[in-house]
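What follows is one structure encoded as structure tokens, with my remarks underneath.
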Amino acid sequence: MKKYILYLILMCLSYISFAQNLTPPQVEGYLSASTIKVNFPFNVKGIPFTQISKSVWYPTSVIIADLQMNYYMEGSNSKQINTIRKHVVPDSKTGAWEITGLSIEPSPNSIPNTSVDHNRTTYMLSIYQIHTGQKSAMWYANIQPNYVQVHKIPDQKLGPKVVPIKDKVILNPQPIPPKEIKRKLKSNL
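Count along the sequence shown starting at 1, add 11, and that's the number in the numbering used here.
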């Protein structure tokens, strides 16, 4: 009986305190806390869990990506936040995963007839693994979108405006004699 009770106590302790934590997902080509320059929408491909040494993951776990946008509208000092969440189940054999079509825009209830102040806008991507309510540590990155800058009016060098000769005002104009019609000259001969 004592062995059975000791066995139950050890089982509870191993489940509660000695259980391994889930491995945080890793993204191919980027370290956590890095800055990524992308065009919206963009894709994120993860390193398969089988290629990460001592990784803990389950075939039924879920990889969740949160893309958050913190922004201000032009002429406003109130900070607004918009978040989207996408999730994917990793491959049951290799643990490979990929999240596609990540894109975010300001929420539709923003101030009408104004645009986003891009100088004060920040984007952050957080990715984590969840299984039966247990979360892994987060992999995150700051996102820098590549904005295409289009000038409404091309940059011009301003200089003195040259007025064409035809448009110059003639001061003290002299009267111009009337022109004679050539037919009358022929008939007078």
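All C-beta atoms, glycine included, are put in the ideal place defined by N, C-alpha and C.
Note that this is a predicted model, so its numbers are computed, not measured.
Beta carbon of residue i, beta carbon of residue j: below 9 Å?
{"i": "SER147", "j": "ASN32", "result": "yes"}
{"i": "SER114", "j": "PRO59", "result": "no"}
{"i": "LEU78", "j": "ILE141", "result": "no"}
{"i": "TYR134", "j": "ASN81", "result": "yes"}
{"i": "MET84", "j": "THR143", "result": "no"}
{"i": "ALA152", "j": "ILE47", "result": "yes"}
{"i": "ALA76", "j": "LYS104", "result": "no"}
Expressed to the nearest angstrom, what Euclidean distance is found between the alpha-carbon atoms of residue i and residue j?
{"i": "VAL161", "j": "VAL127", "result": "With a pLDDT of only 46 at VAL161, under 50, the local geometry of the prediction cannot be trusted, and the value read off the model is given with reservation. Each residue's Cα considered, the two are about 16 Å apart."}
{"i": "ARG49", "j": "SER137", "result": "The residue you asked about is not Arg; residue 49 is Val in the sequence shown. The straight-line gap from Cα to Cα measures roughly 15 Å."}
{"i": "MET149", "j": "GLY106", "result": "17 Å"}
{"i": "GLU116", "j": "TYR139", "result": "22 Å"}
{"i": "THR34", "j": "TRP68", "result": "6 Å"}
{"i": "ASN183", "j": "LYS190", "result": "21 Å"}
Please classify residue i: is it buried, with 16 or more other beta-carbons within 10 angstroms of its beta-carbon, or exposed?
{"i": "TYR158", "result": "exposed"}
{"i": "GLY57", "result": "buried"}
{"i": "PRO123", "result": "exposed"}
{"i": "PRO70", "result": "exposed"}
{"i": "ILE164", "result": "Low local confidence applies: a pLDDT of 45 at ILE164 is under 50, so the model's placement there is unreliable, with the coordinate-based value given in what follows. It is exposed - the Cβ of ILE164 has fewer than 16 other Cβ atoms within 10 Å."}
{"i": "SER89", "result": "exposed"}
{"i": "SER72", "result": "buried"}
{"i": "GLY201", "result": "Residue coverage of the chain in this structure runs from 12 to 200, which leaves residue 201 outside it and unanswerable."}
{"i": "ILE110", "result": "buried"}
{"i": "SER66", "result": "buried"}
{"i": "PRO188", "result": "exposed"}
{"i": "PRO36", "result": "buried"}
Between residue i and the rest of its own chain, which residues show a CB-CB distance below 6 Å, the 5 nearest in sequence each way excluded?
{"i": "TRP108", "result": "GLY57, ILE74, VAL99 and PRO101"}
{"i": "ALA44", "result": "none"}
{"i": "GLU39", "result": "LYS56 and ILE58"}
Tell me, please, whether the CB atom of residue i is closer than 9 Å to any CB atom in chain B?
{"i": "PRO70", "result": "Absent here is chain B; the protein component of the structure consists of one chain."}
Kindly list the residues whose CB is nearer than 8 Å to the CB of residue i, restricted to its own chain and excluding five residues on each side of it in sequence; keep chain order.
{"i": "GLN91", "result": "ASN81, TYR82, TYR83, MET84, PRO117, SER118 and SER121"}
Give, in chain order, every unbroken run of the beta strand (DSSP E) that is at least 3 residues long and sits entirely within the stretch 49-87.
53-56 and 73-82
Which runs of the beta strand (DSSP E), 3 residues or longer, sit entirely within the stretch 78-160?
91-99, 109-113, 133-142 and 150-156
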